[in-house]
Amino acid sequence: MTENILARNNVRVFGEGARTIVFAHGFGCDQNMWRLVTGAFDKSFRIVLFDYVGAGKSDRRAYSPERYGSLSGYAQDVRDICAALDLKDAIFVGHSVSGMIGALASIQEPGLFSDLILVCPSPRYINDPPDYVGGFERAEIEGLLDMMEQNYLGWASFLAPVVMKNADRPELAQELEDSFCSTDPKTARQFAEVTFFSDNRADLPNIQTPSLIIQCSEDAIAPIDVGEYLFRHLAGSSLRVIEATGHCPHLSHPEETIGVIQDYLIARNLL
Amino acid sequence: MSLDEKDRLESGMNDLLNDAPCAFLTFSSESLIEFANATLLSLLGYAGDELRGRRLDSLLSPGGRVFYQTHLYPLLRMQGRLDEISLSLLTKNGEDIPVLLNALRSEKSGVVVYSGVLVPMRQRRRFEEELILARRAAEEATEGQRAANFALEEARRVLQAQHQELQTLNAVIQARSERERNIAERLQDALRPALHGPVPGLDLAYYYQPALEEAGVGGDFFDVFPLDSGRYALVVGDLAGKGLDAAAQTATVRHMLRALLYIGEEPASAIVKLNDMLAGNALLTGFATLFVGVYDPQHFAVTYVSCGQEPGLLLRADTGGVESLMPTGPVLGAFAGSVFQQRCVLLEPEDVLCLFTDGLTEAGLERSNMLGVEGIANLLREPTSEVQTASSVASRLIAGTEMFATAAGIRDDVCLLVVRVQSKTDSD
């Protein structure tokens with residue numbers, strides 16, 4: 197079972213330290229997103245990287261539309277991995293939608309994480325007037341889904357059947373997996389829907405784990421209002437607005453991102 | 415190449431780049447636009463330096479912005495290039511322009527530069543959108559087919575399960591009816607007389623067929639048994655009703671009659687007593703008809719009582735005529751106090767006495783056209799070349815009856831007892 201889960205989620209464990217940091221990627225890509233960041237921590241911490249089922253080099257046969265029809269399915273992935281590695285009191289670093297996924301796992305299993313570090317998180321992406329600004333209108337998310345579909349056009353009509361039907365020719369799937377950010381279009385679409393149509397605001401009062409919110413100064417996906425909303429509704433949270441712009445500071449501004457994470461760990465006496 | 419020439423060339427290249435038949439731009443690793451060519455500016459309705467310092471993704475539709483942040487930027491950052499990405503640009507006036515983007519990350523003397531080429535593709539986008547719609551329709555059709563197949567498969571499974579259930583049920587029913595048939599047959603065996611040894615001077619044959627196939631028993635019966643006085647009882651009876659109930663009452667009548675004859679009662683007094691006991695104690699649900707004859711081998715005499723039974727038919731060997739042994743009293747078990755008389759008939763060698771129930775006489779297609787006693791008498795009278803035995807007479811009567819009954823067949827229980835007096839040579 198343990199081995200199955202480690203293979204299913206393409207789990208990688210490295211680095212040395214008494215405590216463990218679990219880095220969880222967001223919607224779109226895979227664990228490679230953390231490539232520029234983990235090097236700053238692997239001397240003091242054990243590092244766990246993984247791909248959600250359906251992403252990266254996970255076992256795509258494990259994907260089921262039922263299980264991954266809500267963020268709980270992804271939170272179950274996180275809990276499965278922690279159980280397989282016998283993790284307790286770990287530090288969870290989640291990018292984008294993974295912030296909420298980790299938070300859900302922390303509610304379901306208190307003691308799993310000592311700290312949640314949320315990089316560009318959002319409890320709800322779609323505006324809910326008059327009081328809540330999420331950053332998007334529903335139609336704009338539909339636009340995203342259309343755009344994804346257009347870009348998967350060639351992929352879906354040609355390669356998807358290859359992957360689906362040529363289990364005996366793994367090199368075809370391999371070629372596909374080597375392309376960073378590639379995902380089965382149906383899986384990607386469902387993950388996009390689950391992510392961008394989610395609303396986890398009601399879960400916020402149940403999050404007891406201390407947390408750091410890393411908010412980019414200009415983020416088209418999680419605008420500053422969202423970071424501030426989270427800060428107001430998360431007990432025991434800190435908010436750091438960084439100079440980095442965009443939604444992927446760990447890629448665009450790795451040093452600054454590393455810096456705020458280290459600051460937080462020092463303040464929490466974890467480093 | 416002189417410096418001037420180089421400058422001139424570069425300036426010429428810049429002009430070419432500015433007016434190239436595609437939009438071109440460079441941007442920083444923070445996605446901030448550093449240079450946009452004139453084609454791009456005019457495509458989007460901007461002028462001069464308006465785009466410098468803007469975020470690249472701010473030129474995209476909102477969906478495109480998310481796609482850029484979640485897919486394109488990470489790809490470009492990690493893999494260094496983007497190929498054939500379909501996007502929508504927003505003009506200054508907010509109009510959508512579908513474009514295809516190629517982008518490249520390059521590094522020259524420590525400086526990282528990102529460059530991109532954007533080609534409008536309005537026609538192609540329309541075509542692609544149609545393709546997507548067609549594919550979606552195809553997928554839905556496939557999905558529909560799959561669902562239909564699934565439903566079909568499901569229905570087949572249900573049907574199979576029901577069929578199996580039915581088979582199980584059938585097996586249970588079959589086992590049960592098998593058991594009932596066994597019970598009935600055991601009962602029938604108990605009711606059917608065993609012809610223990612020959613009756614001196616007589617040749618006997620019988621035919622018995624219950625009407626209810628499934629029960630295998632009926633209300634008709636016959637009995638042949640020796641009495642202490644060296645005489646023999648010959649009985650043919652018919653209980654109203656069919657099946658197990660009739661069979662059970664048949665046993666009652668048959669054994670009570672045996673008891674009375676065993677203790678030495680003459681046929682008439684035995685029947686009077688039997689009738690009173692049956693009627694007085696309501697032992698029958700209906701009534702019975704019965705012929706009981708006591709045969710004395712010494713005198714070839716049969717003393718008989720017929721309680722509403724079909725007349726016995728006696729074929730005389732010497733004349734070829736048929737005599738009827740008519741009822742000597744009413745039906746049995748209906749009214750206490752009924753009077754029954756007994757008569758005696760003397761038999762001659764080769765005479766044939768036929769005792770039967772109404773299953774035989776009532777054979778026929780309809781009530782108005784039945785074989786009747788006369789029909790049987792005619793069958794008896796028919797000349798035959800074959801050697802007469804009780805068994806051959808019985809066979810002839812049954813065959814004749816069945817031929818008469820044709821399609822309708824014989825509907826009721828049938829019981830036939832044929833008694834033939836042996837010829838003088840037979841007994842030698």
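Protein chains in written order, with the numbering used here: chain A, 197 to 467; chain B, 415 to 842. Backbone N, C-alpha and C fix where the C-beta goes; we use that ideal spot for every residue, glycine too. What you are looking at is a predicted structure, and each value in this text was computed from that prediction instead of being measured.
| query | result |
| --- | --- |
| How many Å lie between S529 of chain B and R422 of chain B at the Cα? | 23 Å |
| Give me the DSSP bridge partner(s) of T839 of chain B. | BP columns for T839 of chain B are empty, so no partner. |
| Give the DSSP bridge partners of H291 of chain A, in chain order. | A:V315 |
| How should C721 of chain B be labelled, buried or exposed, when 16 other C-beta atoms within 10 angstroms of its C-beta is the threshold for buried? | buried |
| So which residues of chain A does G478 of chain B contact, with C-beta pairs closer than 8 Å? | G339, L340 and M343 |
| Which same chain residues, not among the five before or five after N451 of chain B, have their C-beta less than 8 Å away from its C-beta? | L431, N432, D433, A434, A437, F438 and L439 |
| Under the three-state reduction of DSSP, which class applies to Y646 of chain B: helix, strand or coil? | strand |
| Under 8 Å between the Cβ atoms of H291 of chain A and H446 of chain A? | yes |
| Taking the C-alpha atoms as reference points, what is the distance between L729 of chain B and V736 of chain B? | 4 Å |
| Out of A:R464, A:K284 and A:M343, which has the shortest C-alpha to C-alpha gap to G307 of chain A? | A:K284 |
| Assuming G265 of chain A and P488 of chain B are in contact, meaning their beta carbons sit under 8 Å apart, how far apart are those beta carbons, in whole angstroms? | With 8 Å as the limit, G265 of chain A and P488 of chain B do not qualify as a contact, their Cβ atoms being about 25 Å apart. |
| Between which two residues does the beta strand (DSSP E) holding C278 of chain A run? | Element bounds for C278 of chain A: not the beta strand (DSSP E) but the alpha helix (DSSP H), L267 to A280. |
| Is it the case that the stretch 739 to 753 of chain B contacts the stretch 782 to 792 of chain B, given that we only count it when at least three CB pairs across the two stretches are under 8 Å? | no |
| Judging by CA-CA distance, which residue of B:A682, B:G694 and B:R469 is the nearest neighbour of V753 of chain B? | B:A682 |
| For V456 of chain A, which residues in the same chain have their Cβ closer than 7 Å to its Cβ, ignoring the five residues on either side in sequence? | I410, R436 and I438 |
| L532 of chain B bridges to which residues according to DSSP? | B:A437 and B:L515 |
| Could you give the first and the last residue of the continuous alpha helix (DSSP H) run that contains Y482 of chain B? | Neither: Y482 of chain B is in no alpha helix (DSSP H) and is coded neither H nor E. |
| If you follow the alpha helix (DSSP H) that I417 of chain A is part of, which residue opens it and which one closes it? | Taken as a continuous stretch (DSSP letters only), I417 of chain A belongs to no alpha helix (DSSP H), as it is neither H nor E. |
| Strictly below 9 Å CB to CB, what residues from chain A border R469 of chain B? | E414, A416, T441 and G442 |
| Would you tell me roughly how many angstroms separate the C-alpha atoms of A413 of chain B and V759 of chain B, rounded to the nearest one? | Since the first residue of chain B shown is 415 and the last is 842, residue 413 of chain B is not available in this structure. |
| What does R491 of chain B reach in chain A if we use C-beta pairs closer than 8 Å? | C444, L447 and S448 |
| For S502 of chain B, list the residues DSSP reports as bridge partners. | B:P512 |
| Compute the beta-carbon to beta-carbon distance between Q483 of chain B and D497 of chain B, rounded to the nearest angstrom, for a pair I have assumed lies under 8 Å. | Contact flag wrong, Cβ pair sits at about 19 Å. |
| Taking any Cβ of chain B, which residues in the stretch 221 to 236 of chain A have a Cβ under 9 Å from it, in chain order? | G222, F223, G224, C225, N228, M229, R231 and L232 |
| Give the residues from the stretch 317 to 341 of chain A that approach chain B closer than 8 Å (Cβ to any Cβ), ordered along the chain. | F332, E333, E336, I337, E338, G339, L340 and L341 |
| Looking at C-alpha atoms only, which residue of B:L769, B:Y621, B:G477 and B:S523 is the closest neighbour of P741 of chain B? | B:L769 |
| Reducing DSSP to helix, strand and coil, say where P403 of chain A ends up. | A quick correction: the sequence has Ile, not Pro, at residue 403 of chain A. Looking at I403 of chain A - three-state DSSP - the assignment turns out to be coil, as it is neither helix nor strand. |
| Could you tell me the alpha carbon to alpha carbon distance between A398 of chain A and V572 of chain B, rounded to whole angstroms? | 44 Å |
| Whole angstroms are fine: how far does the CA of L580 of chain B sit from the CA of R834 of chain B? | 53 Å |
| Excluding five sequence neighbours on each side, which residues of the same chain lie with their C-beta closer than 6 Å to the C-beta of A662 of chain B? | none |
| For a quick check, are the C-beta atoms of E170 of chain A and P476 of chain B less than 8 Å apart? | Outside the modelled stretch of chain A, which goes from 197 to 467, sits residue 170 of chain A, for which no answer is possible. |
| Start and end of the beta strand (DSSP E) containing V807 of chain B? | Premise fails: V807 of chain B lies in the alpha helix (DSSP H), A804 to A819, not in any beta strand (DSSP E). |
| State the Cα-Cα distance for the pair Y621 of chain B and A696 of chain B, rounded to the nearest angstrom. | 30 Å |
| Under 8 Å: do the stretch 245 to 252 of chain A and the stretch 207 to 221 of chain A share three or more Cβ pairs, one atom per stretch? | yes |
| Contact criterion: CB-CB distance below 8 Å. Does I499 of chain B meet it with respect to chain A? | yes |
| Quick check on this structure: which residue in B:Q802, B:V706, B:T703 and B:G524 has the alpha carbon closest to the alpha carbon of E764 of chain B? | B:Q802 |
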